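Trainee: The structure under discussion is supplied below as structure tokens; questions concerning it will follow.
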Amino acid sequence: MSSPILFLETQLLSQQATDILKPMIAKYKAEREKMYQGYVFPIGSMPDNASWTGFQNHNPETGSGYMTVFRELENAQSKAKLALHFMAPGTKLQLTNLLTGESRNATLNQEAELEFEIPQAPDFVFIKYKPSLR
């Protein structure tokens, strides 16, 4: 999660593919140094092309971090609850989708799970979180 590698020659990409990747890489690079301060753990289910799966990058000193969550190609549910590491039930978080800029507040349920929604499969979200006082 903290050092993604694209196994391809970017100069061979179409202009459309380049246009899609450039903003994502820029968002990652803007957060990279902070991500290096966290620890990475898997969240969700084991990838099997029909899962909700991903990674949580957590900084225990700040209580903040990042999540990359994937809704895989054969998954039929547009919403899923994923348990987060190092978070107590009822924890309040401010979430920011780093690809869209949208922010929202959320509270973990009694199983320390957070609900995610990804309308279309396959797709993913890249989220920054921090404790919220709300």
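Take 1296 as the starting number for the sequence shown in our numbering and just add one per residue.
We put the beta carbon where it would ideally sit given N, CA and C, even for glycine.
Please read all numbers here as calculations on a predicted model, not as lab measurements.
Roughly how many angstroms separate the alpha carbons of residue 1326 and residue 1415, rounded to a whole number?
Mentor: Your numbering for residue 1326 matches position 31 in the sequence shown. Your numbering for residue 1415 matches position 120 in the sequence shown. Looking at the two C-alpha atoms, the distance is approximately 26 Å.
Trainee: Opposite residue 1351 in the DSSP bridges: which residues?
Mentor: Your numbering for residue 1351 matches position 56 in the sequence shown. Bridge partners of residue 1351: 1336 and 1362.
Trainee: Do the stretch 1350 to 1365 and the stretch 1311 to 1325 make contact, defined as three or more Cβ pairs closer than 8 Å?
Mentor: Touching, no.
Trainee: Just to confirm, is the Cβ distance from residue 1381 to residue 1355 under 9 Å?
Mentor: By 1-based counting over the sequence shown, the position of residue 1381 is 86. By 1-based counting over the sequence shown, the position of residue 1355 is 60. In contact: residue 1381 and residue 1355 (Cβ atoms closer than 9 Å).
Trainee: Kindly identify the DSSP beta-bridge partner or partners of residue 1314.
Mentor: By 1-based counting over the sequence shown, the position of residue 1314 is 19. Looking at the DSSP assignment, residue 1314 forms no beta bridge with any residue, so it has no partner.
Trainee: Closest to residue 1388 by CA distance: which of 1399, 1394 and 1378 is it?
Mentor: To locate residue 1388, count along the sequence shown from 1; it is residue 93. It is 1399.
Trainee: Are the stretch 1371 to 1385 and the stretch 1396 to 1410 touching by the rule of at least three beta carbon pairs closer than 8 Å?
Mentor: Segments in contact, yes.
Trainee: In this structure, how does DSSP classify residue 1409 when only helix, strand and coil are distinguished?
Mentor: For the purposes of this step, residue 1409 is identified with residue 114 of the sequence shown, where counting begins at 1. Residue 1409 falls in the strand class under three-state DSSP.
Trainee: In its own chain, which residues sit with a C-beta less than 7 Å from the C-beta of residue 1412, not counting the 5 before and 5 after it?
Mentor: Reading the sequence shown from its first residue, position 117 is the one you call residue 1412. Excluding residues within five positions, the ones whose Cβ falls inside 7 Å are 1373 and 1374.
Trainee: Short check: CB of residue 1423 to CB of residue 1393, under 9 Å?
Mentor: As a first step, residue 1423 is located in the sequence shown; it is residue number 128 there, counting from the start. As a first step, residue 1393 is located in the sequence shown; it is residue number 98 there, counting from the start. In this structure, residue 1393 lies closer than 9 Å to residue 1423 by Cβ.
Trainee: May I have the straight-line CA-CA distance separating residue 1331 from residue 1310, to the nearest angstrom?
Mentor: As a first step, residue 1331 is located in the sequence shown; it is residue number 36 there, counting from the start. As a first step, residue 1310 is located in the sequence shown; it is residue number 15 there, counting from the start. C-alpha separation (whole angstroms): 31 Å.
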